[in-house]
Structure formats: structure tokens, C-alpha cells
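Here the sequence shown stands for residues 126 to 418, where the numbers follow my numbering. Glycine residues also receive a C-beta, built at the ideal position from the N, C-alpha and C atoms. Please read all numbers here as calculations on a predicted model, not as lab measurements. What follows is a set of notes on a single structure, which appears directly below.
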Amino acid sequence: MTALTGAAPAAELARAKVNLALHITGQRTDGYHLLESLVVFPQIGDRLSIEASETLELSTEGPFAHDLEGASEDNLVLKAAALFAEEARTGPLKLKMTLSKRLPVASGIGGGSSDAATALRLLEDHTGICLDDDRLQEIALKLGADVPVCLSIQPQLMRGIGGEVSHAPQMPKCGMVLVNPRFGVSTPEVFRALQNRKNASLPPLPDNFETLSELTDLLRLCRNDLQMPAIETCPEIGEILETLGAEDGIDFARMSGSGATVFGLCEAGREMELERSLRMRHPDWWIASGRLA
């Protein structure tokens, strides 16, 4: 089965993957680092659409499309389509896929991984073929360690090298602001700067967080073990953390992933106001906001 002829274009927000906490707990003999991470997906992201076409093609647009490196066939969205077609036995897919790249590339918020996971969800809807969870997870892991966690937009816990995914506590209603200095950070370089690779695990988590203060109290017991190494690589991250930490209305700030994006948590309804204020004072930064709900 290929695409549904005459079907209307379908589109979805490929949400940013934000690590509220990221603990590096060890390293395997093959070099892969072990981690534990609490991950959420705010209403901020790229946009991916698909529609019937004569061939399989991908077009890119948006403010960060020019930062996508390599040939288009190397894009994770097309790789996801190829693996889906192989696993679902659809035959050649005839689709036009359009990726509006709104998230900075290589910024610690899983843009490419989320794009790939969103492609898999859209392909299931568009073809009417739903793979079982194990097969879908297997495809996702082939695409990258961060792709499995992006298959669901619900809060998730990541363990191992990233492929061990489970449900996380329900988040409170709150807003989030993302800030990036528009500088890329090399993940290998950040890991090389990491001095301690065997750190404590996440603390016990509740079933849900009723309020933002309950969430931030827990996060203060957690860490991002890559934050200090990333600041050594990109001092602008420290500047952003200092700015958000002093911002009236931001309840908690931390770097996501290996950087260089920093998130700030706020009461629901304040995120757009904070985004506008920060934009006025820091026009060189990339800033976006959205809800966690």
C-alpha cells in the first residue's frame, strides 16, 4: 500500500524534546554513555506535513532549513519513511513531505529526532498501517538513540543509552520559554569535557506533579551533568542561564541535552509575555515559548 490517493495534506507539530533533568550514570565499554533523563515536549517545534505525490520527496523551509547539512536523502525524515515502508511492506511510498525547520539545529532539544518520530506517526495515519509498539520502537532506535522517546509527546523517562523509555509523572499546567544563543555546540566535545561519567541516578519521582512548585522543587534535586562542560565550550549558555535565573516570572532554568538551548519554566499564561520581553532585550538570541500541557 502506498499513500492514500486524494487524501488531504496532514500536518503535525514535531515538538522539541526538552531534558528537564539529565543524569549521566555510567559508560559502556563501547563508548556509549548511560543516562537517566526526565523528558517533556512543549508546544514548540518544527512542522511536518505529508500529502500524496508522484514520487517520494522532501522539501525543507523555515528559518533553520539552511542549517540542515548533507544531501536531502540523508535527512532523518526520509530515512524514517524508508524504514517504515520496508517494515510495513507498503511498496514505494509516493508522498511529498514538507519540513518547516523552526528549531535550531544541533541545539540539545532533539529537533531531528522529533522530526523522524513525527514522520512515523504521520505515515501510520496516512497509510492506515499501524505497526505494533515493539516494531515501531525498533525502527525508531535504528534512526537514533533519541528517536524512541519522541514517539510519544507525553512526559517520558529515558534510561540506558536512550532506548529504554517509560512513562513519567504527569506535568502541571505551566509554560516554557526556550532560549538558544544561535551557536552550535559539539556533543562529542561536551562529553570529552565531562569529568565524572558515573553520577547518581534520578531521585524517586511522584505519580504526578500537581503544581509548578512541586515540579521545580524536584528539579532542584536533579542535574544536567552536561551543563557545566557545555558552558566551558560555549560560555553564552552561562549568560542565558544567568539571565533567565534573574528574570521575574521564570521559576526555574536549566540547559537541555548537551546544549546550547536553555529552558525556563513559568506559570501557565506568562510564557508569551516573557518571550516578548526577552526578545526585546536580546534580539540576537533565538527565543520561543509554549505550554507543557
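Exposure of Asn305, with buried meaning 16 or more beta-carbon neighbours within 10 Å
buried
Compute every distance between the C-beta of Leu193 and the non-hydrogen atoms of the ligand SAH, then say whether any falls below 7 Å.
This structure does not include the ligand SAH; it has no bound ligands of any sort.
Exposure of Ser184, with buried meaning 16 or more beta-carbon neighbours within 10 Å:
exposed
Going by beta-carbon coordinates alone, are Gly384 and Leu351 separated by less than 8 Å?
yes
For Gly287 and Phe377, the rounded distance between their alpha carbons:
25 Å
For a test of the three-state rule: what should DSSP assign to Ser239, helix, strand or coil?
helix
With DSSP as the reference, label Val230 as helix, strand or coil.
coil
Return helix, strand or coil for Ala202, following the three-state DSSP convention.
Sequence inspection shows Val at residue 202; the Ala mentioned does not correspond to that position. Looking at Val202 - three-state DSSP - the assignment turns out to be helix.
Taking 8 Å as the cut-off, decide whether the C-beta atoms of Thr215 and Ile254 are in contact.
yes
Leaving out five residues before and five after Pro258 in sequence, what residues of the same chain have Cβ atoms less than 6 Å from its Cβ?
In the sequence under discussion, the amino acid at residue 258 is Asp, which differs from the Pro named in the question. Here the set comprises nothing.
Along the chain, where does the beta strand (DSSP E) that runs through Ser225 open and close?
220-225
Three-state class that DSSP yields for Phe388 in the structure shown
strand
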